[in-house]
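A.B. asks: Quick one: the structure is below, questions incoming.
Numbering (the UniProt record's numbering), first residue to last: 1 to 753.
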């Protein structure tokens, strides 16, 4: 902004009259900053020849060699010359890092440090009119010890002379302990000055406490005077300006139909092969293990003097909760745009998120698996009577199939724990009210399966928002032939007694199991795979209307590109079957039942799974309940820290890159930052054994006694016709058939209480 002769009357930040932090409720805004180096994120570790060339300008003098290559690159504008400058900077670094680590954690981090903070400051100057003679930028206060010796400086981003207020701006809303300690020193020596901290993200509970504690301490220094320390929370999204360069910029195969290959599914020749965006960058830069993530977190905090890291730093994203929540931009030659939703890690410095690359790969592979296989293959079946029908062979070679079968077995374990009366009041109510034989309550011989509750979705502007996709666990009495040696089942139950058991289990036990399926980390992969299934059906529908880049993949029955990946490459369905049968024979959860003067040891094991209905929500409801979500999704493809209101969630997106002309975007990063302290099948058949239909058959067997679910479609998207995400019989989530049957193993221990 041009210099102002007078400070505007409405210049400055608002105050909260009821507490130290003012929270602006306005929707998030974007601020831009230059990040030209990101265009070279496709560079690989330099070869011997590239190393020789990179060191050739001023041999033996790394600094002058870098300067020489920079001069050449600036003059020519050629990406090849800029790449040599980058390699020269890498070889000038003395830390011994591998190239990819150096590029991401040093070269790019330093460009962000240099440009992001100033971009945020420029935006605050515009929005809050921080202009005129009252305002000074980047003011430093010298710090002295008790002997009058200078011991350092505290640099503030802005200073208001009229109010005598020091201002600190943090694009990630994170204050450092050293800065706060220095502020206490300044407060003691400059008793007529106040402090304000403005953040572009929600202040965490810990950061809010830092501000409140400093206000308390300064207030005590000044005889109880309030309003000495304030915070200002105003949501902004940082948007780096990078122009991709063909041949130098990284593209990932994730969610990119033109990049998938197989015997029938070859690259479709879209305009761009691969996706770029913040989702990919955050996933690739995350640690692969917890220990690696902790090292990355410590390193990033050490090299972040200006608070330019995204919320929580590299470990701020809880990748176990990462799910596909938007797809759009479909069409021939267009690929697909997408946005992922994730929770933030509550304490990333001590427990950072990790494993982003694996999580992205799982969601991407699941999407293509759902598209490639014809729907009659989407089933799993753990039935002791059918060891040869665990799951379709092709489905069993994919991680999507693995996740479903493992979730099936996991639910058996959870059910066995949920019926333990020593742990859960609901289980005690079941045993107290169950039908009895010889004084002992009968065990619940039921099957259960997971099926979706009506999911909330919204189709608009050429894409679909997956707002909520809750799962429910259903139960049904089931008679099977297999019995465990030594079991004492109630084999003569009437239909009325069986129905009573169904109702009691559904009321007293299943809510706990259902809650675990929807919230526990053990089912996080299942939930991620399920949202990919929702997205896949939307893509099927759109492709049926008009060709997309997915056409060659859909119903190809070729899953070659998406087979099991490390660390599960050696996983087999037979392994799960064996664990299942072992749990049936040995039991999972043992507890005592005492009824009628008898005490029995009780052991249980078993579970099943299925289906997928949905409802779309009207436009008015969508806008009321999901304010600004559309903008958030759009921003997520540009910003690595897109805020959605002030929630502890993050949206990360990507999509096909608009390739640049090949011109070098330029840039002037230093080789390493030097931090100083001036201052992120089909409906589950109820029959005990599903008979998979022939390949290509879109029909689905109708479960005996079950009527078609009226909610099987994906709901209305605002038009008069339902989206039909789960169209007709092709709509199974991915678990067909599996029998859930529990057997009792009771050993009479004593005849008296």
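Heads up, the beta-carbon is just placed ideally off N, CA and C, and yes, glycines get one too.
1. Beta-carbon within less than 8 Å of residue 8's beta-carbon, same chain only, minus the 5 sequence neighbours each way: which residues are those?
2. If you drop the 5 nearest sequence neighbours on each side, which residues of the same chain put their C-beta closer than 6 Å to that of residue 35?
3. From 353, 446 and 184, pick the residue whose C-alpha is nearest to that of residue 296; which is it?
4. Which residues mark the beginning and the end of the alpha helix (DSSP H) in which residue 795 is found?
5. Only counting the same chain, and skipping five residues up and downstream in sequence, which positions put a Cβ closer than 7 Å to that of residue 351?
6. Is DSSP giving residue 78 helix, strand or coil here?
7. Rounded to whole angstroms, what's the CA-CA distance from residue 77 to residue 648? Just pull it up for me.
8. Taking only three categories from DSSP, how would you classify residue 166?
9. Based on DSSP bridge pairs, tell me the residues matched to residue 233.
10. At which residues does the beta strand (DSSP E) containing residue 323 begin and terminate?
11. If you draw a straight line from the C-alpha of residue 108 to the C-alpha of residue 309, how long is it?
12. If I measure Cβ to Cβ from residue 501 and keep anything under 6 Å in the same chain, skipping five residues before and after, which residues do I get?
13. Indicate the three-state DSSP secondary structure (helix, strand or coil) for residue 63 in the structure shown.
14. Which residues in the same chain have their Cβ closer than 8 Å to the Cβ of residue 98, if we skip the five residues on either side of it in sequence?
15. So, with DSSP's three-state summary, where would you put residue 633?
16. Give the DSSP-derived three-state secondary structure of residue 46 in the structure shown.
17. Since residue 409 and residue 651 are thought to touch, with beta carbons under 8 Å apart, how far apart are those beta carbons, to the nearest angstrom?
18. What are the residues that DSSP puts in a beta bridge with residue 136?
19. Can you give the Cα-Cα distance for residue 437 and residue 418, rounded to whole angstroms?
20. Across which residues does DSSP place residue 477 in a beta bridge pair?
21. Helix, strand or coil for residue 430? Go by DSSP, reduced to three states.
22. Got a sec? Which residues, its chain only, sit under 8 Å from residue 184 by beta carbon, not counting five neighbours each side?
23. Would you kindly work out how many angstroms separate the C-alpha atoms of residue 455 and residue 203, rounded to a whole number?
24. Quick one, are the C-beta atoms of residue 313 and residue 348 less than 8 Å apart?
25. On the DSSP letters alone, give me the boundaries of the beta strand (DSSP E) that residue 206 sits inside.
26. Below 8 Å, how does it come out for the stretch 396-406 and the stretch 362-381: are there three or more Cβ pairs, yes or no?
27. On the CB-based measure, 16 or more other CB atoms within 10 Å of its CB, does residue 231 come out buried or exposed?
28. Leaving aside the five residues before and after residue 161 along the sequence, list all residues of the same chain whose C-beta is less than 8 Å from its C-beta, in chain order.
29. Exposed or buried, residue 339, counting other C-beta atoms within 10 Å across all chains shown (16 or more means buried)?
30. Just the C-alpha distance for residue 38 and residue 304, rounded to the nearest angstrom, thanks.
31. State the DSSP-derived secondary structure class of residue 358, mapped to helix, strand or coil.
32. Within its chain, find whatever has a CB closer than 7 Å to the CB of residue 643; leave out the 5 residues flanking it on each side and keep chain order.
33. Would you decide whether residue 754 is buried or exposed? Buried here means 16 or more other CB atoms lie within 10 Å of its CB.
34. For residue 176, I'd like the list of residues in its chain whose CB is within less than 6 Å of its CB, leaving aside the five on either flank, ordered along the chain.
35. From residue 757 to residue 515, what distance separates their C-alpha atoms?
36. Using alpha carbons as the reference points, say which of 113, 335 and 282 lies closest to residue 657.
C.D. replies: To lay it out plainly:
1. So the qualifying residues of the chain are 129, 131 and 132.
2. If we look at residue 35 and ignore the five residues flanking it on each side, its Cβ neighbours are 111, 240 and 242.
3. It is 353.
4. Outside the shown range of the chain, which is 1 to 753, sits residue 795, and nothing can be said about it.
5. Same-chain partners within the cutoff: 345.
6. Collapsing the DSSP output to three states places residue 78 in coil.
7. Looking at the backbone, the Cα of residue 77 and that of residue 648 are separated by about 42 Å.
8. DSSP places residue 166 in the strand class (E or B) of the three-state scheme.
9. As a beta-bridge residue in DSSP terms, residue 233 pairs with 23 and 199.
10. Its beta strand (DSSP E) spans residues 317-328.
11. Going by the C-alpha atoms only, they are around 11 Å apart.
12. Excluding positions up to five away in sequence, the list reads 444.
13. In the structure shown, residue 63 sits in a helix (DSSP, three-state: H, G or I).
14. Here residue 98 has 45 as same chain residues with Cβ atoms under 8 Å from its own Cβ, once five neighbours each way along the sequence are excluded.
15. Three-state result, residue 633: helix.
16. For residue 46, the three-state secondary structure derived from DSSP is coil.
17. With 8 Å as the limit, residue 409 and residue 651 do not qualify as a contact, their Cβ atoms being about 33 Å apart.
18. Per DSSP, 159.
19. Distance between the alpha carbons of residue 437 and residue 418: 22 Å.
20. Beta-bridge pairing links residue 477 to 446.
21. Helix at residue 430.
22. Cβ within range, chain order: 214, 217 and 218.
23. The C-alpha of residue 203 is placed about 32 Å away from the C-alpha of residue 455.
24. Taking 8 Å as the Cβ cut-off, residue 313 and residue 348 qualify as a contacting pair.
25. Element bounds for residue 206: not the beta strand (DSSP E) but the alpha helix (DSSP H), 205-221.
26. Pairwise C-beta distances place the stretch 396-406 in contact with the stretch 362-381, as three or more of them are shorter than 8 Å.
27. Under this definition residue 231 is a buried residue.
28. Cβ contact annotation for residue 161 (same chain, cutoff 8 Å, sequence separation greater than five): 133, 134, 135 and 136, in chain order.
29. Per the 10 Å Cβ criterion, buried.
30. The alpha-carbon atoms of residue 38 and residue 304 are separated by roughly 18 Å.
31. Here residue 358 carries a helix assignment [DSSP, helix/strand/coil].
32. Non-local beta-carbon contacts of residue 643 in its own chain, meaning distances under 7 Å to residues more than five positions away in sequence, involve 28, 201, 235 and 237 in chain order.
33. Residue 754 lies beyond the range of the chain shown here (1 to 753); nothing can be said about it.
34. Closer than 6 Å at the Cβ level, and outside the excluded window around residue 176, lies no residue.
35. Missing from the structure shown is residue 757; the chain here goes from 1 to 753 and no further.
36. Ranking the options by Cα distance to residue 657, first place goes to 335.
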